[in-house]
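Working notes for the structure below.
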Amino acid sequence: MAKSHWLKTQRIALLIISLALSLAVIAGVAQGAPTESLRGGWQRGPDAYHPSRIIVRFSDAVSSEAASQSIAALGYSVAEIADFGASANFPHDLRIGIVELPEGASPDTAIDRLGRAPGILYAERDYIRYKDQVYGDAPIIPNDPQFNKMWGLHNDNCQFKDPRMSGDPVDDADIDAPEAWGIYTGSEETLVAIIDTGCYIYHPDLAPNIWVNPDEIPGNGVDDDGNGYIDDIWGWDWFNGDNSVWDPGERDSYGYLNDEHGTHTSGTIGALTNNAMGVAGINWNIKIMVLKFLGPDGGYTSDAILAFNYAANKGAKVISCSWGGGGYNQALKDAIEATHAIVSCAAGNSGDNTDINPHYPSSYDSDNIISVAAMMQNDTPCNYSGWWSTCWGPTSVDLYAPGGYILSTIPPDPPPTEPGEAYDFFYGTSMATPHVSGAAALVHSLRPGVALYPGAPGWTPGEPTVKDIILGSVDVKPAYEGKVVSNGRLNLGAAILELGGPVITSIDAQPRFGPPPLEVTFTASAMSPDGEIVDMWWDFGDGSEPVHEFNAVHTYQEQDDYTATFHVVDDEGLEATASLTIKVFFPPEIGVDPDEIHVDLWWGEEETREVTVSNTGLGELEYSVNVMLVGKLDASGEARLGQGGPDEYGYFWLDTDQPGMEPPEWEDIRPIGTQVTLADDNGVVVDLPFEFPFYGQNKSQIAICSNGYLTFGSSLGVWTNANIPSTMNPNDLLAVF
């Protein structure tokens, strides 16, 4: 629980506290050098789903609490809610609930009952999704030592041939990355989310471009940003339910590190470039948010939805999804559309025409999705005879991008104790997808004012969007015509040139914060690929006169947050702008006495303590109070004997073993009851012919456990030292041993 306050100078406050599935990845990993061994991969199979989890969408007309109560009345429980907020597509909000079923409950029955429940618009299976990887000016050429092996970025001289490809490499069958870098190399202000496996965030050729949550304090055990995730420093891991997005002990059934996949896709988008190390990323400067939901055998749709919700709430402009499989989910489609980001999705590796055999999420007709097929070094669609082929679709797949024999970052194996380098060649539409994600990020970075896709916030009908620019600048080739919407292959260089106008290549200001009067030095650089720069100026955001120079010095006199903007205009009248924020303030000085309070209370007791918060500085102090209720998890002290109550629901309790208490009456039901068969550490669920209330929930089933207890809703497969009862999670239990 956190509440924010403002405290003026010298004021004292008293507080009263009561993959698209990858078909094959490459095998062995050598420190610093790529290998070329291949692995087997996934092909289309039966749709699998979570046996005890359902995805629902709440009606706009009811509150989340009311919808949850409607679900609870059926004997189910809401585990999490993804709230995307209101948007153009969902003007009254989009709320998706993840529903847990009791042990033994039928998913088909639950879908039918939930679909007819008050406050629920639809109910769907929680399908498993899989990696879409196959196991197993003048152009700028960066100085990364292995760049010459990265044919997808620059296929020049064809020195390194894909060993699995028939035919010869084709010169310039690439995305023209050096041509794009001659104009622009990216910005750390752009945030890309990879929804994937985890990522080796300590890789020296990747780590500086990994996003760090600015609103979270590492290691304090507190949800500082209030988003429901404690210590989510680099993102979150829904597969394991923790904040570790790199799990070195996690391997797939072949023995390979699970987090290789997300590390590889991340490197394509944003490995450090021109740093004389390893490989190159499409964006030299960027921030990559790691959102893990794929484990060694895939991941559930419900976790992907939560990851999309996280990415949207943190402001990701591009989301990369190298995975697929499972059936159609309206909730997943809704979640993708609610992100307001470009979502690049792998088309799949089964060789299907997805106009006929859809592959989700790439086959959704959402305006913000770009569906990506894979092409080879010979400038044809990936088709490895007897192994795998890319999916395609004249109306359901948008374009091709490099996806065969792609070199990028991976974790060293075995994982070292100190950060280490490793690189490898992977195959699949999983590898093609981050090429498009990286391209979308670079285009958006260069022109952040251009709407991301038709229908996006800020879009004016008729104006080109980032998606339009990417699809409209492809290299059209006979091998691709009639197979994808654009009839071509990604060309990043052409996309950057299509934006036109001048390009601001850098801006900076030092210092960016401090007390007034604050003297700030501003610097900028710019270029015009197809014209001349005729004017430039700094607008300091405080009403002062602009300075028509690349470099300027300005003094801020008053406290405030100022947006300083650099403008540049070319000889065709086209203008580019870039901004940064200057914070001018007097710092506060906080005092807290005492800084901690520890109270042990019995059920129903209360105690009042006082805490003094003071500000002896010159600036305003914003502070919050976090109250951690640990009693529900960490009970201590001597047990009370006898009786107690009533609690807030009117319940009493009695200990019949105490003197003066009436002993229980036992009745042998063996002659009249229904016999059930129980295995060790197991149980069965029996429907009751009636309902009864318990802590605001209606119970209609009884669960019988072989360990000697009965419950009316708690799991039979989980044993924890939780307090009984708890109104936070009514954990009904009858222990008759």
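Following my numbering, the numbering of the sequence shown begins with 174 at its first residue and continues without gaps. Ideal Cβ placement from N, Cα and C applies to all residues, glycine included.
So, are the CB atoms of Ile314 and Ala508 less than 8 Å apart?
On the sequence shown, position 141 is the one that residue 314 refers to. On the sequence shown, position 335 is the one that residue 508 refers to. The answer is no: Cβ separation not under 8 Å.
DSSP three-state label for Pro381, please.
Your numbering for residue 381 matches position 208 in the sequence shown. Pro381: helix per DSSP, three-state reduction.
Taking just the CA atoms, how far does Ala682 sit from Thr694?
Mapped onto the sequence shown, residue 694 falls at position 521. Mapped onto the sequence shown, residue 682 falls at position 509. One C-alpha to the other measures close to 6 Å.
For a test of the three-state rule: what should DSSP assign to Val707, helix, strand or coil?
Against the sequence shown, residue 707 aligns to sequence position 534. Val707 falls in the strand class under three-state DSSP.
Are the beta-carbon atoms of Gly371 and Val463 separated by less than 8 Å?
Position 198 of the sequence shown holds residue 371. Position 290 of the sequence shown holds residue 463. Closer than 8 Å, so yes.
Could you check if Tyr140 is buried or exposed, using at least 16 other CB atoms within 10 Å of its CB as the buried criterion?
The chain is shown from 174 up to 910; residue 140 falls before or after that span and cannot be answered.
Could you pull out every unbroken beta strand (DSSP E) segment of at least 3 residues lying fully inside the stretch 705 to 757, listed in chain order?
DSSP runs (the beta strand (DSSP E)) wholly in the stretch 705 to 757: 706 to 712, 725 to 729, 733 to 743 and 748 to 757.
Using only CA atoms, which one of Ile643, Glu276 and Lys322 lies nearest to Asp335?
Indexing the sequence shown from 1 puts residue 335 at position 162. Checking every option, the nearest Cα to that of Asp335 belongs to Lys322.
Burial state of His223 (16 or more Cβ within 10 Å)
Position 50 of the sequence shown, counted from the first residue, corresponds to residue 223. It is buried - the Cβ of His223 has at least 16 other Cβ atoms within 10 Å.
From which residue to which residue does the alpha helix (DSSP H) around His442 run?
Counted from its first residue, the sequence shown places residue 442 at position 269. Looking at the sequence itself, residue 442 is Ile, so the reference to His does not match. Glu433 to Gly443 is the extent of the alpha helix (DSSP H) around Ile442.
Would you check if there are 3 or more beta carbon pairs closer than 8 Å linking the stretch 433 to 443 to the stretch 390 to 397?
no
Around the Cβ of Arg302, are there at least 16 other Cβ atoms within 10 angstroms (buried) or fewer (exposed)?
Counting from one through the sequence shown, the residue named residue 302 turns up at place 129. When all chains shown are included, Arg302 counts as buried.
Per DSSP, what are the beta-bridge partners of Pro554 in this structure?
In the sequence shown, the residue the question calls residue 554 occupies position 381. Its beta-bridge partners are Met548.
Check the C-beta distance from Val742 over to Asp708 and give it rounded, since I have them as a contact under 8 Å.
The residue given as residue 742 occupies position 569 in the sequence shown. The residue given as residue 708 occupies position 535 in the sequence shown. The beta-carbon separation of Val742 and Asp708, rounded to 5 Å, stays under the 8 Å limit for a contact.
Does Leu194 pass the burial test, meaning 16 or more other C-beta atoms within 10 Å, or should it be called exposed?
In the sequence shown, residue 194 corresponds to position 21, counting from 1. Interpretation of Leu194 is limited by its pLDDT of 37, a score under 50 that renders its predicted location unreliable; no figure is taken from the coordinates.
Does the contact criterion of 3 or more C-beta pairs under 8 Å hold for the stretch 536 to 549 versus the stretch 620 to 639?
They touch, by the three-pair rule.
Simplified DSSP state of Asp597, which is helix, strand or coil:
The residue given as residue 597 occupies position 424 in the sequence shown. The answer is strand: DSSP assigns Asp597 an E or B state.
Please report the straight-line C-alpha distance between Ile877 and Ala477, rounded to a whole angstrom.
Walking along the sequence shown from the start, residue 877 turns up at place 704. Walking along the sequence shown from the start, residue 477 turns up at place 304. Going from the Cα of Ile877 to the Cα of Ala477 covers about 34 Å.
With a CB to CB cut of under 6 Å and the five nearest residues on each side skipped, what residues in its chain are close to Tyr578?
Counting from 1 along the sequence shown, the entry for residue 578 is found at position 405. Within the same chain, Tyr578 has close Cβ partners Asp335 and Phe598.
Alpha carbon to alpha carbon, what distance is there between Trp354 and Val365?
Position 192 of the sequence shown holds residue 365. Position 181 of the sequence shown holds residue 354. In a straight line, the C-alpha of Val365 is about 19 Å away from that of Trp354.
Cα-Cα, which of Pro767, Ala346, Gly488 and Ser237 is closest to Ala652?
Here residue 652 corresponds to residue number 479 of the sequence shown, with the count starting at 1. Nearest option by C-alpha distance: Ala346.
Can you give me the C-alpha to C-alpha distance between Phe333 and Leu580, rounded to a whole angstrom?
Taking the sequence shown and counting its residues from 1, one reaches residue 333 at position 160. Taking the sequence shown and counting its residues from 1, one reaches residue 580 at position 407. Straight-line Cα distance between these residues: approximately 11 Å.
Could you give the DSSP three-state label for Ile455: helix, strand or coil?
Indexing the sequence shown from 1 puts residue 455 at position 282. Residue state, collapsed to three classes: coil.
In chain order, which alpha helix (DSSP H) runs of at least 4 residues are fully inside the stretch 485 to 563?
503 to 511
Distance, Gln503 Cα to Ala699 Cα:
In the sequence shown, residue 699 corresponds to position 526, counting from 1. In the sequence shown, residue 503 corresponds to position 330, counting from 1. For Ala699 and Gln503, the distance between alpha carbons rounds to 45 Å.
Tell me the DSSP bridge mates of Tyr483?
For the purposes of this step, residue 483 is identified with residue 310 of the sequence shown, where counting begins at 1. Tyr483 is bridged by DSSP to nothing; it lacks a bridge partner.
Quick one: Cα of Lys490 to Cα of Leu861, how far?
For the purposes of this step, residue 490 is taken as the residue at position 317 of the sequence shown. For the purposes of this step, residue 861 is taken as the residue at position 688 of the sequence shown. C-alpha separation (whole angstroms): 50 Å.
Going by other Cβ atoms of all chains shown within 10 Å of its Cβ, with 16 needed for buried, is Gln730 buried or exposed?
Counting from 1 along the sequence shown, the entry for residue 730 is found at position 557. The residue in question, Gln730, is exposed, as its Cβ has fewer than 16 Cβ neighbours within 10 Å.
Do three or more CB pairs link the stretch 743 to 751 to the stretch 666 to 680 at distances below 8 Å?
yes
Indicate, with yes or no, if the ligand COA has a heavy atom lying under 7 Å from the CB of Asp708.
Among the components of this structure there are no ligands whatsoever, and the ligand COA is therefore not found.
Is the number of C-beta pairs between the stretch 609 to 618 and the stretch 400 to 413 that are closer than 8 Å three or more?
no
Checking contacts by CB at 8 Å: is Ile271 closer than that to chain B?
The chain inventory of the structure shown lacks chain B, comprising one protein chain alone.
So, helix, strand or coil for Leu580, using DSSP?
On the sequence shown, residue 580 is found 407 positions in, with the first residue counted as 1. DSSP places Leu580 in strand when its eight states are reduced to three.
Cβ atoms of Ile356 and Trp407: under 8 Å apart, would you say?
Position 234 of the sequence shown, counted from the start, is the residue given in the question as residue 407. Position 183 of the sequence shown, counted from the start, is the residue given in the question as residue 356. Contact flag unset, no.
Within 8 Å, do at least three Cβ pairs link the stretch 653 to 662 to the stretch 287 to 303?
Under the three-pair Cβ rule at 8 Å, the stretch 287 to 303 does not count as touching the stretch 653 to 662.
Do you know whose CA, among Pro381, His727 and Thr738, lies nearest Pro690's CA?
Locating residue 690 in the sequence shown gives position 517, where the first residue counts as 1. Comparing alpha carbon positions, the residue from Pro381, His727 and Thr738 closest to Pro690 is His727.
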